[in-house]
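Read the structure below first, then the notes.
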Amino acid sequence: MGGYAHEKEVTTVRQRSIAALSAAALSVLVLAGCSSDSEPSADDATPSAEATEAAADLCDSAAPGGDDIDAVEVSGEFGSEAKVSFDAPLELSEIERSVITEGSGDELEAGEYITYAATVYDAESGEKVGSEGYDELSALPASVEANNIFGMALGCATPGTRVAFTFPGQTAQDGTTVASQVYVLDFFDRAETQAWGEPQDAPDGFPDVQLGEDGEPTVTIPDGLEVPKETEVATLLKGDGETVTEGDTVFLQYKGVKASDGEEFDSSWSRGAPTALPAAAGSVIEGFAKAMIGQEVGSQVIAVIPKAEAYGTAEGHELQDEDLIFVVDILGTMHAAE
């Protein structure tokens, strides 16, 4: 990602997912993980040819069954931690999957985001490695692509589906190794990629924001914009979800423009995918952190950020002398792990 929302160039916060319990699994399998050129609508009554093709491709990406996954027994209710049993060690040679519970509704399409939960077991010992997503604010939405771990596990599944799948041991490009594991994944629902809150009137003097059909904002700077000494934040869409607290990791869309001329300098919309960033000054610029903390999920806010709370002290930074404006869609939040 562009990184201009950051205080400095650092490794971006990786959204926690089933593969966060095995980071090498993510680097090996999530080949296109948060990158999609389009966000198909789950509400389209008449799918386009492209959408139909995307769904077909995702169906074809589902891992096959096999003897290894057939040796795994799964119990427990959908939406709660799964209990998994098998004769350990389970020697795994490839990814295999089994559908435990069939969902209903529209089939997944490549590029969509989902909410989910997962339980993970070590294939060598038979012991549980961990779980996430069953408790509120314990996982962020994840992208489903034909060539990432979610696409291989779910294929074109429907909401309410539970699958089990095997993951053979891997070595990532950085040398990190991951032991063979067995996963149980619950697919709850599709996740939104744009804010959905109730429209609010911004205070007088704020930049004008117009939304495209896909939710991407266009920002118009008013004549004589007065930039405050400290960041000012206004709500454009009022969400009804959880409140972002300091230290959370936030799933969001954003666009940043210069207050001087309205020129875009960074945008998740331009990259074609939401992202996840920490709500903490020092990890992102102070003004951007202020735009996230205290907001409800589902909200869209606009922040007018003076250079002192942006890059004013960053010697040599191309935005050092610029006041900034961000429009931020708050799509999800995850509390820091204890």
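Positions 146 to 483 (this note's numbering) are the ones given, in order, by the sequence shown. Quick reminder that beta carbons are idealized off the backbone N, C-alpha and C, glycines included.
- The residues A255, A291, in chain order, have a CB closer than 7 Å to that of D202 in the same chain once the five nearest residues on each side in sequence are set aside.
- Rounded to the nearest angstrom, the Cβ distance from L382 to E343 is 7 Å, consistent with a contact under 8 Å.
- D353 has its alpha-carbon roughly 17 Å from the corresponding atom of S412.
- Collapsing the DSSP output to three states places L203 in a helix.
- Taking 3 residues as the minimum length, the beta strand (DSSP E) runs contained wholly in the region 372-407 are 377-383, 394-403, in order along the chain.
- With 16 or more other CB atoms across the displayed protein chains lying within 10 angstroms of its CB, A287 is buried.
- Going by DSSP, G477 is part of the beta strand (DSSP E) stretching over 469-479.
- Here S444 has A340, G342, T380, L382, K383, G384, I475 as same chain residues with Cβ atoms under 7 Å from its own Cβ, once five neighbours each way along the sequence are excluded.
- Only residues of its own chain outside the window of five on either side were considered, and among them K228 have a CB closer than 6 Å to the CB of S220, listed in chain order.
- The region 257-267 makes no contact with the region 458-465, as fewer than three CB pairs between them are under 8 Å.
- Here V327 is near L235, since their CB atoms are less than 8 Å apart.
- By the neighbour-count definition (other C-beta atoms within 10 Å, threshold 16), D205 is an exposed residue.
- The three-state secondary structure of I447, taken from DSSP, is strand.
- For G342, there is no enclosing alpha helix (DSSP H), as DSSP marks it with neither H nor E.
- In the three-state reduction of the DSSP assignment, S428 falls in the coil class, being assigned neither a helical nor a strand state.
- Assigned with DSSP and collapsed to three states, E252 falls in coil, not helix or strand.
- Around the beta carbon of T420, a 10 Å sphere encloses 16 or more other beta carbons of the protein chains shown; the residue is thus reported as buried.
- Residues of the same chain with a CB within less than 7 Å of the CB of S270, apart from the 5 flanking positions on each side, are A233 in chain order.
- Between the C-alpha atoms of V389 and I430 there is a straight-line separation of about 16 Å.
- In the assembly as shown, S225 is an exposed residue. Its beta-carbon has fewer than 16 other beta-carbons within 10 Å.
- Judged by beta-carbon spacing, I470 lies within the 8 Å limit of A448, meaning their Cβ atoms are closer than that value.
- Of the candidates S238, V402, A347, S238 places its Cα closest to the Cα of Q315.
- Under the criterion of beta carbons closer than 8 Å, P451 and T376 qualify as touching, at roughly 7 Å.
- Assigned with DSSP and collapsed to three states, E222 falls in coil, not helix or strand.
- Taking the Cβ atoms as the reference, I245 lies roughly 13 Å from T311, outside the contact range of under 8 Å.
- The beta-carbon separation of G350 and P367, rounded to 7 Å, stays under the 8 Å limit for a contact.
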